[in-house]
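Shown next as structure tokens:
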């Protein structure tokens, strides 16, 4: 015997399913951004970098000295710049923080609309940088400077979250140096400015009181190792070629950076005296 509601369900179901399809089409779920490399392909940070400086060593003493010098920059414009450099997010839309910190060095803005290939290079390699840093961070679980010296950071909202994460090596430092190498390849005429920005981008982590000097020194090495691996990836190579075309098109139309580059350059000249 057929249940009385069966016929009604049969009539309603097609309409219900069609409605669900329309809702799903109108509300697409953004695809998760991944790095270019599988985890097995990223540089082995545990094997490639030594253990962080042990207490009582000259290297550890240098870390403390530079950290103290960096603390003296609290409340300055350089401290404010460190806060800007700390934001490595890549929201869709014009002028995302991540990657556009290199706008002055590159001589143009980076965004997902006008420079999608450069945007992809920076966004996806940021994921690979995080994957590279993770194993060594978890292996050594080095305490961050602000945990040791109890001084504030430039990003107080992150202090609780970062407190239990390893300081060594610096994920921002790996990403910043990888970005510098990548951008210098797509815009070789701006290489010196780009490399300088890669260095002071990482030094912002010292000024922020989030990392020790040795954290960022080893990060540069891992950033270089990462870019070497990326060059063997077809998707990276395709984005790299497209990025060079984007640079050429931007130069041809006279596009430039929207930032106050003279002011930013003056601020970035301020650095801890003993920084490597």
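Numbering (mature numbering (1 follows the signal peptide of the UniProt record, and there is no 0)), first residue to last: -31 to -1, 1 to 245.
Just so it is clear, CB atoms sit at the ideal spot from N, CA and C, and this is done for glycine as well.
Positions of the alpha helix (DSSP H) runs, each at least 4 residues long and wholly inside the segment 141 to 217, are given as 160 to 176, 182 to 199 in order along the chain. Distance between residue 183 and residue 203, taken at the CA atoms: about 33 Å. When rounded, the separation of the alpha-carbon atoms in residue 156 and residue 24 is 42 Å. Annotated three-state conformation of residue 33 is helix, per DSSP. Taking a 10 Å sphere around the C-beta of residue 114, we find 16 or more other C-beta atoms and assign the residue as buried.
With a beta-carbon spacing of about 6 Å, residue 17 and residue 194 fall inside the 8 Å limit used to define contacts.
Residue 110 places its beta carbon less than 8 Å from that of residue 135.
Straight-line measurement puts the Cα of residue 234 at about 20 Å from the Cα of residue 38.
Distance from the CA atom of residue 15 to the CA atom of residue 224, rounded to whole angstroms, is 42 Å.
In this structure the segment 163 to 177 lies against the segment 54 to 65, because at least three pairs of beta carbons, one per stretch, are closer than 8 Å.
In this model, residue 77 and residue 83 are separated by some 11 Å (Cα to Cα).
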